[in-house]
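Numbering (my numbering), first residue to last: 50 to 428. Some notes on the structure that comes next.
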Amino acid sequence: MAGVTIREIEKFFGPIHVLKGVSLDIEDGEFIVLVGPSGCGKSTLLRIIAGLEQQNGGSILIGGEAVDKLHPSRRDVAMVFQSYALYPHLTVAKNIAVPLRMRRLNLLQRLPLLGRWIPGTAEVVAGIDRDVTEAMDMLGIGHLLDRKPGQLSGGQRQRVAVGRAMVRHPQAFLMDEPLSNLDAELRVHMRAEIAELHRRLATTFIYVTHDQAEAMTMADRVAVMMNGELLQVDTPSKVYSDPSDIRVAEFIGSPKINILPAHVDGSGRVSVGDRVMPGLYSGAKGKEIRIGVRPEGVTLGGINNKGLPCRIVHHENLGSEAYFHGELNIGGRVISRMESSALDHFHTGDEATIMLDPKNALLFDADGERLKAKIEVAA
Ligand SMILES: Nc1ncnc2c1ncn2[C@@H]1O[C@H](COP(=O)(O)OP(=O)(O)OP(=O)(O)O)[C@@H](O)[C@H]1O
Ligand SMILES: [Mg+2]
Numbered sequence: 050m051a052g053v054t055i056r057e058i059e060k061f062f063g064p065i066h067v068l069k070g071v072s073l074d075i076e077d078g079e080f081i082v083l084v085g086p087s088g089c090g091k092s093t094l095l096r097i098i099a100g101l102e103q104q105n106g107g108s109i110l111i112g113g114e115a116v117d118k119l120h121p122s123r124r125d126v127a128m129v130f131q132s133y134a135l136y137p138h139l140t141v142a143k144n145i146a147v148p149l150r151m152r153r154l155n156l157l158q159r160l161p162l163l164g165r166w167i168p169g170t171a172e173v174v175a176g177i178d179r180d181v182t183e184a185m186d187m188l189g190i191g192h193l194l195d196r197k198p199g200q201l202s203g204g205q206r207q208r209v210a211v212g213r214a215m216v217r218h219p220q221a222f223l224m225d226e227p228l229s230n231l232d233a234e235l236r237v238h239m240r241a242e243i244a245e246l247h248r249r250l251a252t253t254f255i256y257v258t259h260d261q262a263e264a265m266t267m268a269d270r271v272a273v274m275m276n277g278e279l280l281q282v283d284t285p286s287k288v289y290s291d292p293s294d295i296r297v298a299e300f301i302g303s304p305k306i307n308i309l310p311a312h313v314d315g316s317g318r319v320s321v322g323d324r325v326m327p328g329l330y331s332g333a334k335g336k337e338i339r340i341g342v343r344p345e346g347v348t349l350g351g352i353n354n355k356g357l358p359c360r361i362v363h364h365e366n367l368g369s370e371a372y373f374h375g376e377l378n379i380g381g382r383v384i385s386r387m388e389s390s391a392l393d394h395f396h397t398g399d400e401a402t403i404m405l406d407p408k409n410a411l412l413f414d415a416d417g418e419r420l421k422a423k424i425e426v427a428a
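The structure is reproduced here in structure tokens:
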């Protein structure tokens, strides 16, 4: 077990600046999820930590020691890939045993026929078998030991790949989109399993995904990356409710946050279109800003309400709740998330109004930088 420090990492692929001075302190035993859109540099950073890629600047420390000059095999971290990278000709048990055989047996001992006659080999092999069995039982794949990867489901293959990483008792697990080849239902199941595994092993996990839901449900802390930079590193609830930047606000949360142009007048009244919101805002007086309200902060009302007029262009019934997509008369779209009982009153095609909850509104300046103060609403 060890913490991992990423210090000012720079990476270029030819002229492309892929990582722009990325720094992050990951605590010992922490589950950190690196999340960001495709191509932002997540895999590259993970591969640099593992030593599979060389950085152009900066340093990686594992357990306080710089590992930049160490070969991947000496860094004592285990990587689980999206593709699982299993050996197709080896059984499940043998796949999991590979890293232990490489580490505990010498070249002669590994020879297929001769190896077993070398003194001491039998004891080492028995120890490897024990460790492999223990890992398989922990992952619930004990009954699959003689199967080949081709005879396994996606979820089972994924567990074998995790098992192979586990038996090494690495200082840290590095996982690159390990669930992205699974169907939606299994993905949800496996994300709970991986979180549970982390609790049991209490080892540092660095997990890469472009799926914000995966990040939110699994992480102790989420590191949001875009364009080779870390925009925010925080707990899942903080990145959701207190994003530092409009790009973070828009990336985290599903359905997406609603962003609308707004104006703050000289006395602090905030208006969207020609409607003035309740409450007063002390910052950005006289400025054009953008206001972000998550779908649960948007409520639909009848046409005679004070809210912004809109037309419902689509609704989705999810059973316990419903999403309404509205097209505003002033232009732009909003999504409202309400209890499904709202379906008794509103449907696709209806004219309606929307009310934005000022207490949960997030304000951003014209450049997308978060304005920290909130709209003050008298109780
Ligand atoms: N070996 C390489 N040579 C040249 N460019 C590369 C190489 N590897 C990655 N890149 C580029 O670096 C950028 C970051 O790639 P990276 O694989 O780290 O992204 P990612 O965040 O993991 O994306 P995804 O979510 O799609 O896996 C991309 O623009 C990619 O095209
Ligand atoms: Mg990637």
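Even glycine gets a Cβ: it sits at the ideal position worked out from N, Cα and C. Note that the structure is predicted; figures quoted are calculated from it, not measured.
Residues bridged to residue i [DSSP beta-bridge criterion]
i, result
"G106", "E59"
"G88", "According to DSSP, G88 bridges with nothing at all."
"I308", "G341"
"Y372", "E365, R386"
"R360", "E376, E400"
"Y136", "According to DSSP, which records beta bridges pairwise, Y136 is partnered with nothing at all."
"I118", "According to the sequence shown, residue 118 is Lys rather than Ile. Note: K118 sits in no beta bridge, so no partner."
"E418", "D294"
"K69", "E59"
"V325", "S320"
"Y330", "Per DSSP, none; premise fails for Y330."
"F254", "F80, F222"
"I301", "None, per the DSSP bridge assignment."
"V53", "I75, I111"
Residue i burial status per 10 Å Cβ neighbour count (16 or more: buried)
i, result
"G277", "buried"
"P344", "buried"
"R123", "exposed"
"E57", "exposed"
"F62", "exposed"
"G346", "buried"
"I403", "buried"
"D225", "buried"
"H364", "buried"
"R213", "buried"
Reduced DSSP category for residue i - H, G, I as helix; E, B as strand; rest coil
i, result
"I403", "strand"
"L231", "coil"
"T169", "Reading off the sequence, residue 169 comes out as Gly, not Thr. Of the three classes helix, strand and coil, the one that applies to G169 here is coil, per DSSP."
"Q261", "helix"
"H238", "helix"
"F395", "coil"
"K143", "helix"
"V216", "coil"
"V426", "coil"
"D74", "strand"
"R318", "coil"
"R270", "strand"
"R124", "coil"
"Q200", "helix"
"L349", "strand"
"Q131", "coil"
"Y289", "helix"
"Q205", "helix"
"E79", "coil"
"E278", "strand"
"L412", "strand"
"T284", "coil"
beta-carbon residue i near ligand 3 non-hydrogen atom, thresh 7 angstroms
i, result
"D74", "Ligands displayed in this structure: ligand 1 and ligand 2; ligand 3 is not among them."
Within-8 angstroms CB hit, residue i to chain C
i, result
"L110", "In the displayed structure, chain C is absent; only one protein chain is listed."
Around ligand 1, Cβ to any heavy atom closer than 5 angstroms, ordered along the chain | F62, V67, S87, G88, C89, G90, K91, S92, T93, H259
Between the region 200–213 and the region 227–244, are three or more C-beta pairs nearer than 8 angstroms?
-> yes
Determine, using beta-carbon pairs with one atom in the region 297–307 and one in the region 383–396, whether at least three such pairs fall under 8 angstroms.
-> yes
The region 65–75 in contact with the region 86–96 per 3-pair CB rule at 8 angstroms = yes
If you pair each beta-carbon of the region 115–130 with each one of the region 95–103, do three or more pairs fall below 8 angstroms?
-> yes
Touch test, the region 147–154 against the region 215–224, Cβ-Cβ under 8 angstroms, three pairs minimum | yes
Is the region 241–249 close to the region 169–176, with three or more CB pairs under 8 angstroms?
-> no
How about the region 358–375 and the region 329–341: do they share at least three Cβ pairs that are nearer than 8 angstroms?
-> no
Do three or more CB pairs link the region 252–272 to the region 161–168 at distances below 8 angstroms?
-> no
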